[in-house]
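One structure is given here, and the rest of the page talks about it.
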Amino acid sequence: MHEIYSIRPFLAVIASLAVTPILLSARSPNVREGWTFAAGALKLGIVVSMLPAVLGGSVFSFRLAEILPGIHLAFRVDAMGLLFALVASTLWIVTSAYSIGYMRGLNEHSQSRYYCFFAVALSATIGAAFAANLVTLYMFYEILSFATYPLVTHHQDEEAKISGRKYLFFIVGGSVALVLPAMIICYIKAETLDFAPQGFLSGHVGPGLTTVLLLLFVFGMAKAALMPMHAWLPAAMVAPTPVSALLHAVAVVKVGAFSVARILTGVFGVDLLAEYGLGTLLAVLASITMLTASFIALSQDGLKRRLAFSTIAQLSYILLGVALLTPKGITGGLVHIAMHAFGKITLFFCAGAIFVATGIKNISEMKGLGRRMPITMGAFFVASLSVIGLPPGGGFISKWFLVLGALEAHELVFLVVLLISSFLNAAYFLPIAYNAFFAKPENADMDAGFQEAPAWCVAPLVATTLASLWLFFNPWPFLDLARLAVAQVTGG
Amino acid sequence: MSNYPAFLIIAPLFAACLTATAGWIRRSLSFPLAVSGLTVSFLSSLGIAARVLASGKFQYSMGGWAPPLGIVLELDYLNTPFLVVVSGAALVSLIATRQFVEKEQEAKAPAFYALMVLAVTGMLGMVATGDAFNLYVLLEISSITGYALVASGDRLAPLASLRYLLLGTIGASFYLLGVGLLYMLTGTLNMADLSRLLPPLYGSNAVLAAFLLILCGIWLKAALFPLHAWLPGAYSHSSHASACLLAPLMTKVMIYVMLRVMLSVFTPAYIFDHLSLEGFVVTLASVAVAAGSVMALAQRNLRRMAVYIVIAEVGYMVGGAWLGNQTGITGAVLHALNDVLMTLCLFLAIAAVAGRTETLDFKDLNGLFGKMPFTMGALVLGAMSIIGVPPACGFFSKWFLLQGAIEAGRFDFMAALLFSSLINVVLFFRVFEYALYSDGHMHKQEEHGQTGIQEAPLSLVISLWVAVAGILAVGFCSGPIVRMFIQPALL
């Protein structure tokens with residue numbers, strides 16, 4: 037593996053952090069949003085500039101400072117990290133465009149604060165994607181937790197306050213009380229924290245301690261929303277919809293799932309987990325979460341809450357894929373990071389567009405909405421297909437690999453779980469689109485003709501819908517990156 | 002320059018005298034004099050650090066009198082970082098609190114500055130000295146000036162000061178008794194001499210008594226729970242100028258003294274092999290951490306909350322020092338350094354807020370983020386450090402403390418540390434909630450809240466951000482600090 041020492045990973049991380057003073061002091065909203073786009077373009081540009089070399093098998097690395105003796109604040113861009121960074125930085129630009137439509141459409145307050153913390157959150161996300169060791173990952177994970185708090189509590193009312201508390205309790209409580217001790221135990225045992233292709237714990241820990249550490253990590257990384265650490269996610273839906281869209285379908289929750297994937301492969305190592313049979317343990321936990329969350333989603337009437345429970349279930353797909361510990365399974369899990377991101381962000385965008393245009397939040401009031409908002413509801417339908425895992429949605433690709441992974445691992449139980457869960461997904465998504473187009477609205481005066489959200493809202497969701505479709509036909513570069521990542525973490 | 006150590010102590014001592022006398026001629030002269038005294042101290046401490054890094058530890062004999070009879074300053078890896086942090090924090094605090102002193106003390110301002118500088122002189126002396134009795138003298142200098150500083154403040158400040166005086170004097174007397182016993186046993190007061198002469202006497206009960214007396218005296222002055230009774234009143238009723246100077250420095254300097262006594266007068270071999278106190282002390286420290294946190298949780302006032310956080314932090318450091326392994330002591334030393342910066346940041350932010358709100362009760366903090374964005378931003382970063390979020394420095398010392406606790410198998414101490422971190426999250430986010438949520442009129446306000454900004458004086462805000470910069474800089478440099486100073490100090 038060719039290693040390139042370059043400052044580019046660090047620049048990609050701070051690109052959005054650096055503009056926060058400008059965002060806070062900008063004189064007009066247009067200047068401010070201009071800078072947001074500039075930072076987004078710069079970030080994406082830097083990330084993309086590393087793509088060819090990484091696809092060629094190279095790795096970028098950069099060391100910033102020695103924060104503990106022998107441990108650096110260090111970045112390392114491999115295929116897995118780049119995959120996630122690419123998803124996050126692409127969707128940040130799209131979400132920024134959507135934010136303009138949503139926040140101005142609703143005439144929201146404190147928009148400077150909102151854009152500023154969004155930029156900080158993105159820095160932390162890319163930092164987590166590029167982290168070269170456990171402490172760096174933990175650092176960006178924590179920064180992300182605190183940077184998101186003002187976004188979750190944006191509305192500054194009683195409900196937001198309570199949700200904010202719940203959010204901190206699970207996310208920060210999990211990382212301080214569970215992940216921090218686990219990390220220190222790893223350091224005491226192995227005397228290193230640098231992610232390694234087959235993990236660094238092998239040979240230093242017995243099966244008992246490994247099990248404890250694994251549980252501390254997977255539950256402590258509460259952003260991955262493994263039950264029972266999921267309760268913050270539905271509560272966090274009080275945030276403005278762009279926040280829910282980018283942070284609670286892409287950045288925050290995926291940082292959780294990505295961190296767990298990174299820890300499973302880079303700290304424990306696939307072989308160690310297989311040796312102690314811990315993949316199955318995690319796969320069972322993920323399956324329980326997947327099915328329970330899907331059943332709960334069926335009963336939710338608030339669209340965003342239903343999406344939240346769907347997200348909880350979908351995050352467990354990623355965990356399940358990695359926990360299968362087979363090349364196809366891990367590929368499926370990693371590709372699902374990208375596929376689910378494009379699908380779910382579209383669904384959240386739709387939820388926000390519906391709210392901006394009509395003020396409707398509940399699914400029961402959405403009958404006949406397809407006539408008023410054909411573009412939005414059409415996009416909703418296509419994105420639903422992707423999240424369910426039906427062609428021609430990108431989600432089909434990742435689900436295909438997950439199924440192959442379950443077969444490869446000879447774990448037919450998980451195959452059945454995947455199929456049941458997909459069926460449940462269909463059961464809670466398709467009626468929304470069906471009712472929107474084919475059911476009669478309950479009161480006729482609701483049928484007010486064409487009434488789409490502002491163009492700034494609609495264009496982004498159309499773009500992500502098209503991306504979802506495109507990814508079905510051509511999953512490059514995500515599939516290539518995932519395959520490469522699997523080779524990097526299993527090859528040793 | 003080989004005379005840095007002399008300037009370190011003499012400059013502020015003279016500056017204190019000049020500050021007081023210059024006040025009789027012209028009041029406006031005294032502040033620059035006080036600042037220049039502490040500036041010379043700070044620069045000297047940097048010079049000392051450079052020399053220690055370049056050529057290792059060295060001794061400085063005051064007036065050329067050789068030890069063990071003369072007054073000797075020992076400059077080594079352990080105290081150099083303390084000198085830098087203490088003199089730097091004192092300088093920042095002095096500059097930051099000028100407005101408070103001028104407004105509250107009026108004609109007495111020169112005397113107040115002199116007291117502040119004198120207190121710092123005592124602390125720097127305590128950190129630098131290599132003589133157990135000189136340490137007592139310097140302790141009394143900083144204590145007595147401290148009582149005077151604490152006495153100015155709100156209605157209850159004189160009472161708090163009296164309480165501080167009574168308990169502080171008891172603490173200092175305990176220390177003096179212990180040193181007296183050691184002198185009777187060995188005939189010397191020089192630390193290096195003591196550590197050479199004591200080992201043959203380690204079996205004696207007199208040595209044990211001396212050790213325990215010194216330890217109790219130090220703990221009383223460091224406000225280790227349950228010997229903390231003087232601290233909440235002293236730091237919450239006194240003037241903000243006094244609190245900003247004393248709260249970050251006094252308890253931390255006493256922790257340094259404890260480490261110095263444990264490492265340079267007695268030896269870890271005596272403390273951890275001869276005595277088996279560490280089980281008890283670490284339990285006590287765990288209780289201190291938990292109790293400090295819970296008491297902080299019970300407060301409804303920002304400043305009262307901060308003083309109990311100080312008490313909990315003392316437990317962190319005492320526990321780390323007594324875990325009995327290198328990692329734990331490393332954590333204690335690093336945390337003492339970090340805590341100077343974190344407490345400075347916290348108390349400066351509180352002082353800034355106090356200038357713009359009626360009281361520091363939580364209910365009066367409404368809408369503070371809009372009113373004082375720079376102060377609150379600094380408070381957020383300081384809080385992150387106290388909670389223990391990387392890359393703020395507080396995380397890294399907590400890391401060592403936790404690692405030391407796990408290595409020593411002291412899971413009670415580990416649990417106390419984690420509990421306290423979580424309580425800190427609650428403490429600060431409760432404050433942030435009050436500051437973020439106002440009685441509804443913030444909502445839907447116009448976009449740029451520039452109109453409502455009422456920041457603290459510029460010098461205070463800048464000082465506050467200097468403290469924040471210190472927190473981040475020390476955090477990013479934790480590795481080199483540990484490798485270049487703390488690890489060699491513990492060899």
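Residue numbers (the numbering used here), protein chains in the order written: chain Z, 37 to 528; chain V, 2 to 492. Ideal Cβ positions, reconstructed from N, Cα and C, are used throughout, including at glycine.
Within the same chain, show all residues whose beta-carbon is closer than 8 angstroms to that of residue i, passing over the 5 residues directly before and after it, in chain order.
i, result
"P97/Z", "What sits at residue 97/Z in the sequence shown is Ser, not Pro. Within the same chain, S97/Z has close Cβ partners E39, I40, Y41, S42, P45, A110, F111, R112, V113 and A168."
"L342/V", "V86, A90, P249, S386, C394, A468, G471, I472 and V475"
"P391/V", "F397 and G476"
"A110/V", "G24, R28, S31, F32, V102 and E103"
Can you name the start and end residues of the beta strand (DSSP E) that residue i belongs to?
i, result
"V303/Z", "Note, V303/Z: premise wrong, no beta strand (DSSP E); not H, not E."
"R112/Z", "I107 to V113"
"Q60/V", "F59 to S62"
"E75/V", "V73 to L76"
"I103/Z", "V95 to L104"
"I40/Z", "E39 to Y41"
Kindly indicate the opening and closing residues of the alpha helix (DSSP H) around residue i.
i, result
"I312/V", "L303 to A322"
"Q524/Z", "F514 to G527"
"Y184/V", "A158 to T187"
"V67/Z", "P65 to S85"
"Y271/V", "Premise fails: Y271/V is in no alpha helix (DSSP H) and is neither H nor E."
"E105/V", "R99 to Q106"
"G38/V", "R28 to S56"
"C152/Z", "Q147 to F166"
Taking Cβ to Cβ, would you say residue i is nearer than 8 angstroms to residue j?
i, j, result
"A62/Z", "W71/Z", "yes"
"V26/Z", "F166/Z", "There is no way to answer for residue 26/Z, as the model of chain Z reaches only from 37 to 528."
"G137/Z", "A489/Z", "yes"
"T347/Z", "A285/Z", "yes"
"L339/Z", "A415/Z", "no"
"G405/V", "F396/V", "no"
"I162/Z", "A121/Z", "yes"
"G169/V", "Y148/V", "yes"
"L403/V", "I220/Z", "yes"
"A281/Z", "F385/Z", "yes"
"F101/V", "A235/V", "no"
"D462/Z", "F450/Z", "Reading off the sequence, residue 462/Z comes out as Ala, not Asp. Cβ atoms of A462/Z and F450/Z: not closer than 8 angstroms."
"R99/V", "F32/V", "yes"
"F182/Z", "T246/Z", "no"
"K202/Z", "E434/V", "no"
Please work out which residues of its chain come closer than 7 angstroms, Cβ to Cβ, to residue i, disregarding the five sequence neighbours upstream and downstream, and give them in chain order.
i, result
"A51/Z", "A75, L78, K79 and I82"
"S27/V", "The sequence shown places Arg at residue 27/V, not Ser. Same-chain partners within the cutoff: there are none."
"T252/V", "A223, A224, V311 and V315"
"L214/Z", "L252, F255 and G256"
"E448/V", "Interpretation of E448/V is limited by its pLDDT of 43, a score under 50 that renders its predicted location unreliable; the figure taken from the coordinates is listed afterwards. Hits under 7 angstroms: none found."
"G450/V", "Any answer about G450/V is weak, because its pLDDT of 45 lies below 50 and its placement is not dependable; what the coordinates show is given next. Excluding sequence neighbours, G450/V sits near G371."
"S240/V", "F101, E105, S153 and G154"
In its own chain, which residues sit with a C-beta less than 6 angstroms from the C-beta of residue i, not counting the 5 before and 5 after it?
i, result
"Y5/V", "S45, G48 and I49"
"A349/Z", "M326, A329 and S330"
"I142/V", "G123"
"G527/Z", "none"
"A490/V", "Y78 and L79"
"S352/Z", "A322, T325 and M326"
"P270/Z", "R341 and A344"
"F236/Z", "A226 and T228"
"A12/V", "G38, V41 and S42"
For my contact list, residue i and residue j are in at a C-beta cut-off of 8 angstroms; report their separation, rounded to the angstrom.
i, j, result
"L190/V", "D132/V", "6 angstroms"
"R484/V", "P105/Z", "5 angstroms"
"Y151/Z", "L53/Z", "That belief does not hold up - the Cβ atoms of Y151/Z and L53/Z are roughly 13 angstroms apart, past 8 angstroms."
"V308/V", "L423/V", "20 angstroms between Cβ atoms; not a contact."
Counting only Cβ pairs nearer than 7 angstroms, list the residues of chain A close to residue i.
i, result
"K397/Z", "Absent from the structure: chain A. Protein chains present are Z and V."
Exercise. Within the segment 313-399 of chain V, note down every full alpha helix (DSSP H) run reaching 4 residues or more, in order along the chain.
Key: 327-355, 369-372 and 374-388
Self-check item: Continuous alpha helix (DSSP H) assignments of at least 4 residues falling wholly in the segment 459-508 of chain Z
Solution: none
Quiz item: What are the complete alpha helix (DSSP H) segments, minimum 4 residues, inside the segment 237-273 of chain V?
Solution: 241-261
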